[in-house]
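Colleague: For the sequence shown, numbering that gives the first Met the number 0 begins at 0 and goes up steadily by one. Don't be surprised by glycine CBs; every beta carbon is placed ideally from N, CA and C. Got a structure here, written out as structure tokens. Questions coming.
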Amino acid sequence: MTRPSPAAELNGVQCGHICDRCNRGIRTGDKALVYATYYDADGWVIRRVMCDCGSRTIGLPTDGADEVIVEAVYWRGRLVGVKTVDRSRP
Ligand SMILES: [Zn+2]
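Put into structure tokens, the structure is as follows:
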């Protein structure tokens, strides 16, 4: 089974605007870093939204999950211009 590209799948998705790491507000036009996971039943799901303070690499792997860090621009409640910066599986 082919998984959809996280960058394509998360583009335009709604997300929160408070950094999950430092609690700073992310404003429209700011860069956001997003950690998301993929489980077959759910597809790509956003787990954490961070401002520039966030990590660009996945830390310890989570069992059974395909994990990704994407960089995006936060735009009026959505992610745009999403690019994959790290992924646990090729
Ligand atoms: Zn932050």
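#1: Just verifying my parser: in three-state terms, what is the DSSP assignment at residue 71?
#2: For the structure I just gave you, are there three or more beta carbon pairs, one from the region 17-29 and one from the region 57-68, closer than 8 Å?
#3: Just checking residue 50 against ligand 1 - is the residue's beta carbon closer than 8 Å to any of the ligand's heavy atoms?
#4: Apart from the five residues on each side of it in sequence, which residues of its chain come closer than 6 Å, Cβ to Cβ, to residue 3?
#5: Would the beta-carbon of residue 20 be found less than 8 Å away from any heavy atom of ligand 1?
#6: Is the Cβ-Cβ distance between residue 70 and residue 33 less than 9 Å?
#7: Looking only at C-alpha atoms, which of 83, 78, 49, 74 sits nearest to residue 23?
#8: When you compare only the Cα positions, how much space is there between residue 5 and residue 21?
Modeller: Looking at the atomic coordinates:
#1: Looking at residue 71 - three-state DSSP - the assignment turns out to be strand.
#2: Result no; under three Cβ-Cβ pairs closer than 8 Å.
#3: Correct: residue 50 has its Cβ closer than 8 Å to ligand 1.
#4: Counting only residues of its own chain and dropping the five nearest sequence neighbours on each side, residue 3 has no CB closer than 6 Å to any other CB.
#5: Residue 20: yes, Cβ under 8 Å from ligand 1.
#6: Judged by beta-carbon spacing, residue 33 lies within the 9 Å limit of residue 70, meaning their Cβ atoms are closer than that value.
#7: Taking each of 83, 78, 49, 74 in turn and checking the Cα distance to residue 23, the smallest one comes out for 49.
#8: Going by C-alpha positions, residue 5 is about 24 Å away from residue 21.
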